[in-house]
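Have a look at the structure below before the remarks.
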Amino acid sequence: MKHISMEQENHLTKINRMLSMYQVLEVAQLEKAFPDLDGMKLRMLLKRLEKNGRLAFDKENGMVMYSKECSRNQAVIAAFWVLLDFYSDITYHTVSEYPVALTFYTDKAGYDVVYVPEDKEIIINHALAGFGEESPHRLVIVEKSEQMARLHFPGIAAFCLVLPDGKVQYYRKQGVTES
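Following our numbering, the numbering of the sequence shown begins with 439 at its first residue and continues without gaps.
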(Lines of atoms letter the chains of each structure in order from A; the text may use other names.)
(Lines give C-alpha, C1' and ligand atoms only; values in the text may rest on other atoms or scores of the structure.)
Protein backbone atom coordinates (compact mmCIF):
# COMPACT_ATOMS: atom_id res chain seq x y z
CA MET A 439 0.00 0.00 0.00
CA LYS A 440 1.40 3.36 -1.04
CA HIS A 441 1.74 6.01 1.60
CA ILE A 442 0.81 9.56 0.63
CA SER A 443 2.30 12.75 1.98
CA MET A 444 0.50 15.22 4.24
CA GLU A 445 0.43 17.66 1.31
CA GLN A 446 -1.27 15.06 -0.93
CA GLU A 447 -3.74 14.24 1.84
CA ASN A 448 -4.52 17.97 2.13
CA HIS A 449 -5.15 18.16 -1.63
CA LEU A 450 -7.39 15.07 -1.48
CA THR A 451 -9.45 16.68 1.28
CA LYS A 452 -9.79 19.97 -0.61
CA ILE A 453 -10.76 18.26 -3.87
CA ASN A 454 -13.34 16.12 -2.09
CA ARG A 455 -14.80 19.14 -0.25
CA MET A 456 -14.97 21.14 -3.50
CA LEU A 457 -16.76 18.32 -5.30
CA SER A 458 -19.17 17.81 -2.40
CA MET A 459 -20.24 21.44 -2.88
CA TYR A 460 -20.27 21.79 -6.66
CA GLN A 461 -21.05 18.12 -7.52
CA VAL A 462 -19.49 18.18 -11.03
CA LEU A 463 -16.45 20.11 -12.28
CA GLU A 464 -14.22 19.93 -15.30
CA VAL A 465 -10.70 18.56 -14.87
CA ALA A 466 -9.42 21.84 -16.35
CA GLN A 467 -11.16 23.72 -13.53
CA LEU A 468 -9.47 21.57 -10.90
CA GLU A 469 -6.13 22.14 -12.64
CA LYS A 470 -6.66 25.91 -12.34
CA ALA A 471 -7.88 25.64 -8.74
CA PHE A 472 -4.77 23.65 -7.78
CA PRO A 473 -1.94 25.27 -9.77
CA ASP A 474 0.69 23.67 -7.51
CA LEU A 475 -0.33 20.25 -8.85
CA ASP A 476 0.85 19.37 -12.32
CA GLY A 477 -1.63 17.49 -14.51
CA MET A 478 -0.09 14.10 -13.75
CA LYS A 479 -0.23 14.58 -9.95
CA LEU A 480 -3.82 15.83 -10.11
CA ARG A 481 -4.90 12.83 -12.17
CA MET A 482 -3.13 10.50 -9.73
CA LEU A 483 -5.07 12.07 -6.84
CA LEU A 484 -8.34 11.85 -8.79
CA LYS A 485 -7.70 8.17 -9.51
CA ARG A 486 -7.04 7.57 -5.81
CA LEU A 487 -10.33 9.25 -4.86
CA GLU A 488 -12.13 7.25 -7.55
CA LYS A 489 -10.56 3.98 -6.38
CA ASN A 490 -11.73 4.75 -2.83
CA GLY A 491 -15.26 5.44 -4.10
CA ARG A 492 -15.13 9.13 -3.20
CA LEU A 493 -15.73 10.43 -6.75
CA ALA A 494 -16.47 9.37 -10.32
CA PHE A 495 -14.07 10.37 -13.07
CA ASP A 496 -15.38 10.68 -16.64
CA LYS A 497 -12.08 10.78 -18.52
CA GLU A 498 -13.77 10.85 -21.92
CA ASN A 499 -15.55 14.15 -21.19
CA GLY A 500 -12.97 15.57 -18.78
CA MET A 501 -15.48 15.69 -15.92
CA VAL A 502 -15.10 14.85 -12.25
CA MET A 503 -18.27 14.04 -10.32
CA TYR A 504 -18.87 13.70 -6.61
CA SER A 505 -20.80 10.51 -7.43
CA LYS A 506 -22.04 8.70 -10.52
CA GLU A 507 -25.53 10.02 -9.84
CA CYS A 508 -24.42 13.66 -10.25
CA SER A 509 -25.07 15.40 -13.54
CA ARG A 510 -23.45 18.39 -15.19
CA ASN A 511 -25.03 21.73 -14.26
CA GLN A 512 -24.09 24.31 -16.90
CA ALA A 513 -24.83 27.22 -14.54
CA VAL A 514 -22.42 25.89 -11.91
CA ILE A 515 -19.73 24.99 -14.46
CA ALA A 516 -19.84 28.48 -16.02
CA ALA A 517 -19.99 30.21 -12.62
CA PHE A 518 -17.01 28.21 -11.39
CA TRP A 519 -14.91 29.57 -14.30
CA VAL A 520 -15.79 33.08 -13.09
CA LEU A 521 -14.92 32.11 -9.51
CA LEU A 522 -11.50 30.88 -10.67
CA ASP A 523 -10.65 34.34 -12.01
CA PHE A 524 -10.91 35.66 -8.43
CA TYR A 525 -9.63 32.50 -6.71
CA SER A 526 -6.42 33.88 -5.20
CA ASP A 527 -8.39 36.66 -3.45
CA ILE A 528 -11.34 34.58 -2.24
CA THR A 529 -11.85 34.06 1.47
CA TYR A 530 -15.03 31.94 1.15
CA HIS A 531 -17.11 30.42 -1.66
CA THR A 532 -20.17 28.19 -1.89
CA VAL A 533 -22.84 26.99 -4.27
CA SER A 534 -26.06 29.02 -3.99
CA GLU A 535 -29.75 28.70 -4.77
CA TYR A 536 -31.44 29.64 -8.04
CA PRO A 537 -31.16 32.14 -9.62
CA VAL A 538 -27.71 32.59 -8.07
CA ALA A 539 -25.30 29.81 -9.10
CA LEU A 540 -22.62 30.53 -6.51
CA THR A 541 -21.51 33.14 -4.01
CA PHE A 542 -18.02 34.16 -3.03
CA TYR A 543 -16.32 36.70 -0.79
CA THR A 544 -13.01 38.49 -1.00
CA ASP A 545 -11.50 40.74 1.67
CA LYS A 546 -13.17 43.68 -0.08
CA ALA A 547 -16.63 42.51 -1.22
CA GLY A 548 -19.16 39.76 -1.69
CA TYR A 549 -20.31 38.53 -5.09
CA ASP A 550 -23.22 36.55 -6.42
CA VAL A 551 -22.65 34.83 -9.76
CA VAL A 552 -25.91 34.62 -11.69
CA TYR A 553 -26.28 32.43 -14.79
CA VAL A 554 -28.94 33.55 -17.28
CA PRO A 555 -29.91 31.02 -19.96
CA GLU A 556 -31.09 32.52 -23.21
CA ASP A 557 -34.79 33.49 -23.14
CA LYS A 558 -34.89 33.48 -19.31
CA GLU A 559 -34.11 37.20 -18.88
CA ILE A 560 -37.65 38.20 -17.82
CA ILE A 561 -37.86 35.61 -15.05
CA ILE A 562 -34.37 36.48 -13.76
CA ASN A 563 -35.21 40.22 -13.79
CA HIS A 564 -38.34 39.47 -11.79
CA ALA A 565 -36.59 37.12 -9.35
CA LEU A 566 -33.84 39.63 -8.54
CA ALA A 567 -35.77 42.91 -8.81
CA GLY A 568 -36.73 43.27 -5.15
CA PHE A 569 -33.30 43.52 -3.58
CA GLY A 570 -32.62 47.26 -3.97
CA GLU A 571 -29.53 48.97 -2.61
CA GLU A 572 -28.46 46.17 -0.26
CA SER A 573 -27.79 43.90 -3.24
CA PRO A 574 -24.42 42.17 -3.39
CA HIS A 575 -22.19 42.71 -6.39
CA ARG A 576 -23.56 40.52 -9.13
CA LEU A 577 -21.53 38.99 -11.93
CA VAL A 578 -24.07 37.98 -14.54
CA ILE A 579 -23.20 35.20 -16.98
CA VAL A 580 -25.04 35.34 -20.29
CA GLU A 581 -24.95 32.84 -23.12
CA LYS A 582 -25.05 35.56 -25.79
CA SER A 583 -24.06 39.22 -25.60
CA GLU A 584 -27.51 40.31 -26.87
CA GLN A 585 -28.98 39.25 -23.53
CA MET A 586 -27.23 42.07 -21.67
CA ALA A 587 -29.65 44.73 -22.94
CA ARG A 588 -32.59 42.71 -21.58
CA LEU A 589 -31.28 42.38 -18.02
CA HIS A 590 -32.14 45.09 -15.48
CA PHE A 591 -31.90 44.27 -11.78
CA PRO A 592 -29.98 45.79 -8.85
CA GLY A 593 -26.33 45.04 -8.18
CA ILE A 594 -25.05 44.15 -11.66
CA ALA A 595 -21.28 44.71 -11.44
CA ALA A 596 -20.46 43.11 -14.81
CA PHE A 597 -21.77 40.79 -17.47
CA CYS A 598 -19.73 37.73 -18.38
CA LEU A 599 -19.41 35.47 -21.37
CA VAL A 600 -17.71 32.16 -20.60
CA LEU A 601 -15.95 30.82 -23.67
CA PRO A 602 -15.72 27.06 -24.36
CA ASP A 603 -12.07 27.00 -23.20
CA GLY A 604 -13.04 28.52 -19.82
CA LYS A 605 -11.78 32.03 -20.50
CA VAL A 606 -14.17 34.69 -19.25
CA GLN A 607 -14.88 37.99 -20.95
CA TYR A 608 -16.26 40.71 -18.67
CA TYR A 609 -18.53 43.41 -20.07
CA ARG A 610 -19.66 46.70 -18.68
CA LYS A 611 -21.89 49.21 -20.42
CA GLN A 612 -18.83 50.93 -21.93
CA GLY A 613 -17.03 47.86 -23.31
CA VAL A 614 -15.28 44.57 -22.74
CA THR A 615 -12.51 43.73 -20.31
CA GLU A 616 -10.75 40.37 -20.17
CA SER A 617 -9.75 38.66 -16.97
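We put the CB at the ideal spot given by N, CA and C, even for glycine.
DSSP bridge partner residues for residue i (one or two, in chain order)
i, result
"residue 514", "Per DSSP, none; premise fails for residue 514."
"residue 576", "550, 594"
"residue 524", "Partner(s): none; residue 524 has no beta bridge."
"residue 541", "532, 550"
"residue 495", "502"
Own chain residues within Cβ distance below 7 Å of residue i, not counting five before or after
i, result
"residue 567", "591"
"residue 556", "581, 582, 585"
"residue 472", "449, 480"
"residue 588", "559"
"residue 563", "589, 590, 591"
"residue 464", "500, 501, 515"
"residue 491", "none"
Contacts around residue i, its chain only, beta-carbon distance under 6 Å, and the 5 residues preceding and following it disregarded
i, result
"residue 550", "538, 541, 574, 576"
"residue 495", "484, 488, 502"
"residue 511", "none"
Integer-rounded CB distance, given that residue j should sit under 8 Å from residue i
i, j, result
"residue 544", "residue 524", "6 Å"
"residue 508", "residue 467", "Contact flag wrong, Cβ pair sits at about 15 Å."
"residue 520", "residue 579", "7 Å"
"residue 595", "residue 609", "Residue 595 to residue 609, Cβ: 11 Å. No contact."
"residue 504", "residue 475", "About 19 Å separates the two Cβ atoms, so there is no contact after all."
For residue i, three-class secondary structure by DSSP
i, result
"residue 584", "helix"
"residue 559", "helix"
"residue 445", "helix"
"residue 464", "strand"
"residue 610", "strand"
"residue 599", "strand"
"residue 454", "helix"
"residue 507", "coil"
"residue 479", "helix"
"residue 470", "helix"
Close Cβ partners of residue i (< 8 Å) along its chain, the five nearest in sequence each way excluded
i, result
"residue 532", "459, 540, 541, 542"
"residue 548", "541, 542, 574, 575"
"residue 486", "442, 450"
Interface flag, residue i vs chain D, CB-CB below 7 Å
i, result
"residue 549", "Among the chains of the structure shown, chain D does not appear; only one protein chain is present."
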